[in-house]
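Keeping their order, the protein sequence lines are chains A and B.
As numbered in my numbering, residues 1 to 718 make up the first sequence, in order.
As numbered in my numbering, residues 1001 to 1077 make up the second sequence, in order.
Input: a single structure, listed below in C-alpha cells.
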Amino acid sequence: MKFKKAAIRNFRLLRNVDITFSTDEKTHLTIIRAANDSGKTTTLTALQWGLYGDRALPNKGRDFRLAPLDWDRSKNSVVDIQVIIEFEHYKQIPLGAGKYEHETIVYRLIRSAVETLHSDIDYSRIPSTVSLFELTDQGDLPITKPEVILDDIMPAELREVFFTDGDRALSFIEAESSLSLKRKRVKGAIRSLLGLDIIESALDHAKAATRVINEKLARHSKDSNLATIATELSDKLKSLDRLNTAYTDCHDKSETNDGQLAEIEININNILVRGNEEDLKNERDKNIRLIQYLSQQREDLDVKKSDLLFKQSIAYGLTNNTVDIAMQKLNSLKSKGTIPSSTISVLQERMKTSSCFCGESIDEHTTEGLKRHNHLKDVIQNSQSADEKNKVLGELFYDMRSVDAARATFSDNWREEYLRLIKSGETLKSQTLTAEKTRRDIDLKLGKLKGTNHAELKSLKSTLKQAGRELDEKKGSLGHRIKLLERDLKDLEARREKAGKSEKLKNSKMSELDAARDIVSILEETLQNIQHEELDKVSEKMNQYFLEMICSDPEQGAIIRKAHLTRDYDILVYGPKGQKLNPDVDINGASRRALTLSFILALTTVSGYESPNVIDTPLGMTTDEVKRSILLKSIAYSNQLVLFLTRSEIYLCEDILDDAGVVQTMTNSAHFPEKLASKPPTEYAEVLVCSCNHRQYCSICSRIGDDKRKELSYRNEV
Amino acid sequence: MAVNRKRIMTMIVDKVQEMPERCNGYNDELMEAIGDIIELEQDKKLTGANSKQPVTDRCMKLGQYLFDSNNKSTLDN
C-alpha cells in the first residue's frame, strides 16, 4: 500500500490542506517540513482518522473537537470535516496452488463528519462515515464494505507500525507501558504482520476436521475393529482438546504472572534506587512540616517588619534631614515675626468698634467713617489668604518643635534592625524554595512508585512466585498428561492405519484422514517456522538496523552491543559482556527512537508487506552522525517513507533530503508576527502548505531570520 | 491484507515439496487445498464468516481426490 495524495478539510488547524506523497520506488521519501505547532501531529492524526475513524483520535474522539477552534459560528455553525486519501494497493490475487498474480488498484477514501457548534466550547458531532471508491478507467466504483477492505489493507493492530509519533509512540519500548502491555503490542504487531493468527486459525480448523472425519469413520466403518479404534481415538482427541485448553489457560495465566513478577522486580529495583515509599512518605511529611514552619516564620517576620515600619524611630530616622531643613525655615519665619500671625483677628476686633487705631472714626453711618470702614474690610479680605498659610505654618512650627525635641532622644539603630529582618527573610525564602523542591522530588519518586512500598512489593513478589510455581507445576502435569495422550493417540493412529489398510480403497474416510493430517502437519511446521525462524529474522534485522542507526560498533567498544527480540516478544538491549540494559532507563532518547524505528522497519522488511511508514519528528533528540544515520537507514529500509521534520531536524541533513521525491512545507499562520516574516494570506489560524523544499522559503513559509540562513534561498512563487 | 500471502505460501510450498507424494499430483492438490484454507481464514478474519466447516469440507475434498486417484491407479494396474 502506498499513499498518493491527501486532502484535509476543516480538521482543526487544517482548514484546507493538500498533500502529495511520492510513490516512486527509487525516491520513495516524502518530506513535510513544519516547525513545531505547525500541524505535523494534526496531519498524522487526520490521516489515521481517515483510515481508522474516531477510534484513531486521542481519547477515541471523546472531548476532541475536530472543527477549527477559531471557526466563525456567526457565519455558519455547522462544520463539514473531511479527509480524502488516495492510495494504491498492490493486490495479490490467488490463482491456486500457491500461485498469485498481482494488480495495482487505486482507491479513494473519503471520511466525513459534521460538527455543530452550539457555543464556543459546546459542540456535537455525528459519528463519521467512510466511503471508498476504486478508481478505474471506467470511473470511480464504490466499494460496498469499505471498512472490510481498509482493515484488510491497513489493519488497526498495525496502526502504530504504519504511523509513528516520534515523541509519543515509543509504545513498544516506552517506560509508561507495563511489561505485559509492551509484550502485547509487540506480539500483536508481529502476529498480524507475519500472519501468525491466520495460520493458527487454519491449524485449529484442520485439526477439527481430522476429528470430524475420525468420528464419521467411527460411526460408519463396517470394520468393527477400525470403528472401535476410531471411537477410542475420538474420545482421546476430546480429552486432548480439554487438556490443551487447560494448558493454554495455564500458560496464559503463567505469562501474566511472569509479566507482573517482572514489573514488581522493576518496581523493587526502582525502590532501591529511589527509596521505599513508606520512608519517602515520612520524608514528605517531615518536609511538609518544615515548609509549614518556614511559612509561619515568614509570616512572623512580616509582622516584625510591619511593626518596625510603624515605629517612630524609623519615621524620625527617615525624615531627619527634611526635619532639619524645615526647622531652619520655620525658625527663620518665627524670627521675622511672620509666624505666629494675628493681624486679621486684631483688625476684625477693631471693626466691631466705631474708631480706628489712629483715633479716626470708622462709623458706617458717617460718610468719612464708612470710607475707612470699607478700607479696613478690603485689608482684612486681602490678608485672609496669606494669613491662612501663616496659621498653618504656625501650627507646624509648634508641632515640629516637639518633634525636634523628641527625635534627639531616639537611637538610629532601626537600619540594623531592618537589614537583619530582610536578611532573615531571604534566608527563609531560600529555605522554603529548597524544601518545596525537595517535596516535588519526593512526589515524583512517589508517583513513580505507584502506590507501592517495599514490604508490600516483597510480599506480592513472594505470592506471585508461589503462584508461578503452582502454575508451572500444573503446566508440567498437564504437559506430561498431554504427552502421554499424544503418545496414546500416535499408537491409536498407527493401529487405525494398520486396521484401515484394507479399507483404504473401500472407505474414503481413511483417505480424508490422511489428507487432513497432511494439512495439519504442513500448517504446524509453517507455524513453527514463523514463530521461530521469522521471529529470529525480525530480531536480526532489528539489531542490524539499530546498530547501524546509532553508529554503534561493538568492535570499537560501543556501550550498546545488541538489540534482541525474544520469542516471548520482549525487546531487549545488551551492553558489554552481555549486560542487559533497560531500554527505558539505560539508553538515551535518540537510541530509544532508533530502537522503535528499527523494530518497525525490521518487521515490515521481514513480512515483505509493502506499506507506508509515516513518522512524525523521527530525528528529535538526535544529533550529528546518529541523526544522519537514522535518516539514511530509515530511507534504505522502507517502501514509502513520509517524514514530518522540523528545521532543526533537517539541519545538516539537507544533502540526504535532496533525494526526496516530494518535499512540502507547512506553516501555521498564527505564528505571524512573532515567528513568521510575512503576513499570511488568511485571517484565520490555519496551516498553509507551500511547495518550498528543505532548502527554500517563500512569502508564505518565510520565518524571521530565514534570509540570513546560508542554507536557505528565496523561492519566487509563480 | 497486510500479511504478505505470497511469503506465507512460499513457506508452505517448501514444506509440501518435502512431503512424499501419496498419489500422482497429490502434492499439487495439497498445495491448492492449503491455499484455499488460508484464503478461507483470511475471509473469516475480514468478514467474520465461519471457516470451520468450509475447512473440513476442503480437507475432505482433498481426501476424496486421494481416494479416487488411488482407486483409479489400482484399476489401471
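Glycine included, each C-beta is placed from N, C-alpha and C at the ideal position.
From a predicted model like this one, the values you see are computed outputs, not experimental measurements.
1. Taking B/K1072 as the query, report the chain A residues whose CB atoms sit under 7 angstroms from its CB, ordered along the chain.
2. I need the straight-line Cα distance from A/E176 to B/M1009, nearest angstrom please.
3. Let me see if you follow: with CB-CB separation under 8 angstroms, is A/L513 close to chain B or not?
4. In three-state terms, what does DSSP make of A/S119?
5. List, in order along the chain, the chain B residues whose C-beta lies closer than 9 angstroms to that of A/A208?
6. So which residues of chain A does B/Q1064 contact, with C-beta pairs closer than 9 angstroms?
7. To the nearest angstrom, how far is it from the Cα of A/L193 to the Cα of A/V186?
8. In whole angstroms, what is the alpha-carbon distance linking B/P1020 and B/L1030?
9. Distance check for A/W71 and A/D54, CA to CA, integer angstroms please.
10. Restricting to Cα atoms, I'd like to know which of A/E683, A/D241, A/S678, A/D570 is closest to A/C698.
11. So the alpha helix (DSSP H) A/H564 belongs to, where does it begin and stop?
12. Name the chain A residues whose beta carbon is nearer than 9 angstroms to that of B/E1021?
13. Residues in the segment 60-93 of chain A with C-beta within 7 angstroms of chain B's C-beta atoms, listed in sequence order?
14. Decide if B/R1058 is buried, meaning its Cβ has at least 16 other Cβ atoms within 10 Å, or exposed.
15. From the beta carbon of B/Q968, is the nearest beta carbon of chain A less than 8 angstroms away?
16. Quick one: is A/L95 buried, meaning 16 or more other Cβ sit within 10 Å of its Cβ, or exposed?
17. Who does A/F163 pair with in a DSSP beta bridge?
18. For A/G589, decide whether its Cβ has a neighbour in chain B, counting only Cβ atoms nearer than 8 angstroms.
19. Any Cβ of chain B within less than 8 angstroms of the Cβ of A/I519?
20. Assign A/R289 to one of two classes, buried (16 or more other C-beta atoms within 10 Å of its C-beta) or exposed (fewer than that).
21. Quick check on the burial criterion: 16 or more other C-beta atoms within 10 angstroms. Buried or exposed for A/Y569?
22. Take the Cβ of A/C250 as the centre, count every other Cβ of all protein chains shown within 10 Å, and call the residue buried at 16 or more, exposed below.
23. Do we get a CB-CB distance below 8 angstroms when we pair A/T682 with the residues of chain B?
24. Nearest to A/A563 by alpha carbon, out of A/F546, A/A516, A/C551?
25. Straight-line CA distance for A/V106 to A/V148?
26. Quick one: is A/I198 near chain B, going by C-beta distance under 8 angstroms?
27. In whole angstroms, what separates the C-alpha of A/S720 from that of A/V379?
28. So, do the segment 4-17 of chain A and the segment 643-654 of chain A have three or more beta carbon pairs nearer to each other than 8 angstroms?
29. A/R15 lies in the alpha helix (DSSP H); which residues open and close that run?
30. What does a CB cutoff of less than 6 angstroms around A/L513 pick up in its chain, not counting 5 residues either side in sequence?
31. With 16 other CB atoms within 10 Å as the buried threshold, where does A/D518 fall?
32. Between A/S112 and the rest of its own chain, which residues show a CB-CB distance below 6 angstroms, the 5 nearest in sequence each way excluded?
33. Exposed or buried, A/P576, counting other C-beta atoms within 10 Å across all chains shown (16 or more means buried)?
34. Answer yes or no: does any C-beta atom of chain C fall closer than 8 angstroms to that of A/T646?
35. At which residues does the beta strand (DSSP E) containing A/G139 begin and terminate?
36. Which runs of the alpha helix (DSSP H) spanning at least 4 residues fall entirely within the segment 281-336 of chain A, listed in chain order?
In terms of the structure at hand:
1. Correct list: empty, because the minimum Cβ distance to chain A is about 10 angstroms.
2. Model confidence at A/E176 stands at a pLDDT of 49, short of 50, so the residue's coordinates are unreliable; what they give is reported in the following sentence. Whole-angstrom Cα-Cα distance: 38 angstroms.
3. yes
4. Per DSSP, reduced to three states, the secondary structure at A/S119 is coil, with no helix or strand assignment.
5. Residues of chain B with a Cβ closer than 9 angstroms to the Cβ of A/A208 are, in chain order, K1052, V1055, T1056.
6. S508, S511, E512, A515
7. Taking the straight line joining both Cα atoms gives about 11 angstroms.
8. 11 angstroms
9. 21 angstroms
10. A/S678
11. Looking at the DSSP string, A/H564 is not in any alpha helix (DSSP H); the run it does join, the beta strand (DSSP E), is 562-565.
12. By Cβ distance, chain A contributes nothing, its closest Cβ being about 11 angstroms from B/E1021, past 9 angstroms.
13. Q92
14. buried
15. No statement about residue 968 of chain B is possible, as the shown extent of chain B runs from 1001 to 1077 and does not include it.
16. Residue environment for A/L95: exposed (fewer than 16 other C-beta atoms within 10 angstroms of its C-beta).
17. A/V614
18. no
19. yes
20. exposed
21. buried
22. buried
23. Closer than 8 angstroms: no.
24. A/F546
25. 16 angstroms
26. yes
27. The first residue shown for chain A is 1 and the last is 718, placing residue 720 of chain A beyond what the model contains.
28. no
29. Per DSSP, A/R15 belongs to no alpha helix (DSSP H); it is in the beta strand (DSSP E), 14-20.
30. If we look at A/L513 and ignore the five residues flanking it on each side, its Cβ neighbours are I213.
31. So A/D518 ends up on the buried side.
32. Q82, T129
33. Burial call: exposed.
34. The structure shown contains no chain C; its protein chains are A and B.
35. 139-142
36. 312-336
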